[in-house]
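>
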Amino acid sequence: LKKNLSKSCRDLVEVHPGRLVVYIYHKDWYQRQLDFSVKKDDVWVITYPKSGTTWMQEMTWCVVMGIHHQQTSLPLMKRFPFFEWDSMIAPDFMDEKLCADDPCLPGNTWKIMANMSSPRTIKSHLQVPLLPKQMWEVKPKIIYVCRDPRDVCISYYFHYVKLNGYKKELSDFVEFFLADIMPFAPFWSHILDFWRRRDQENILFVRFEDMKEDLLSVVQKVADFLGKQLSAEEVIRIADHCSFGSMSKNKAVNNETLPAAENEKAKGLKFMRKGKVGDWKNHLTDTQIKAFKEWTFKHLEGSDFPYYQDY
Ligand code: A3P
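Read left to right, the sequence shown gives residues 16 to 326 (UniProt numbering).
So this is what it looks like as structure tokens:
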């Protein structure tokens, strides 16, 4: 199965029994990440990719720094660096000239983190066993976002078409997704490891679907979790700023500066694609829906995880 994957997926490595990440190019990356010094007042947003990471990052940043902060227009990657990105990018993936001062460039993410004043806001897609060891001793604030895997899969597919030039059909991608041969897979262990920790004081577990249903409540929840007193007006301003319409137009967060594939399939695709719950219904066949159901039941057996069992 792996042989048929696009280049970036073929470079997957199993770094901990059953836990995959995309190939890491930085020498000593694994130990370096495990040994990273965590600060108590760090705020981490952690997700399986395509689960609403960018959305929660922007909301969290506005809650932490204030909606009126002058740096709101800086690229999110600079305000909220992507932890493992530093070691992750294939040298041939980025156009060095385009990204000379870009936080996407290998080596830049950790430089940004080193110069950040507290509280640092940090994004990661890493699974629990791959995160810095200090995470579980120092206990920084962690906001974990999960999303219906069927929507994640569709969103991930279009992400791969746009940003990685993935040319195969959705049916192939679904097969890889359900086989958990994806960067940062497996899907369910990613979620369940945080679900089991959800009652810890420093962890907030949020669903993409709750953000869609009632964004104001989630802004308030994030503010309460981070110990920030916001006025009703500030909560409304942040929710407006984080609406799909507003984020789609906001160059600081819509990732449109990332180099996209140049082919017919990728043409016109946006990072802020649809932002909907249930778009999978427009793409998955009955057989694929059944396969998702079986896969979900298999992985949730014996777990008290209550979501996405509504098949
Ligand atoms: P779709 O591809 O389904 O549209 P991530 O940031 O983890 O990569 O997730 C990207 C997904 O979150 C995309 O999903 C994107 O459209 C959605 N998203 C980002 N901001 C959003 C917002 N403000 N409202 C709704 N969905 C949003």
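Here a beta-carbon is modelled for each residue, glycine too, at the ideal position from N, C-alpha and C.
1. Which two residues bound the contiguous alpha helix (DSSP H) that contains VAL234?
2. Using the three-state DSSP reduction, which class does TYR171 fall into: helix, strand or coil?
3. Given this structure, state the Cα-to-Cα distance separating LEU113 from PHE188, to the nearest angstrom.
4. Is ILE206 buried or exposed, if buried means 16 or more other CB atoms sit within 10 Å of its CB?
5. To the nearest angstrom, report how far apart LYS138 and GLU99 are at their CA atoms.
6. Any chance the CB of MET287 is under 7 angstroms from a heavy atom of the ligand A3P?
7. Excluding the 5 residues flanking TYR171 on each side, which residues of the same chain have their C-beta closer than 8 angstroms to its C-beta?
8. Note down the Cα distance separating MET109 from GLY317, rounded to an integer number of angstroms.
9. Considering Cα atoms alone, identify which of PHE320, GLY293 and GLY81 is closest to residue 13.
10. Is it the case that the CB of PRO134 approaches a heavy atom of the ligand A3P more closely than 7 angstroms?
11. Considering only their Cβ atoms, is the gap separating PRO164 from VAL58 smaller than 8 angstroms?
12. Exposed or buried, which one is LEU231 when buried takes at least 16 other CB atoms within 10 Å?
By the coordinates alone:
1. 230-240
2. helix
3. Note that LEU113 has pLDDT 45, beneath the 50 cutoff, so the model's placement of it is unreliable and no number is given.
4. buried
5. 9 angstroms
6. yes
7. PRO64, LYS65, PHE188, PHE192 and MET197
8. Confidence in MET109 is poor, its pLDDT being 49 and thus under 50, which makes the residue's placement too unreliable to answer from.
9. Since the first and last residues shown for the chain are 16 and 326, residue 13 lies out of range.
10. no
11. no
12. exposed
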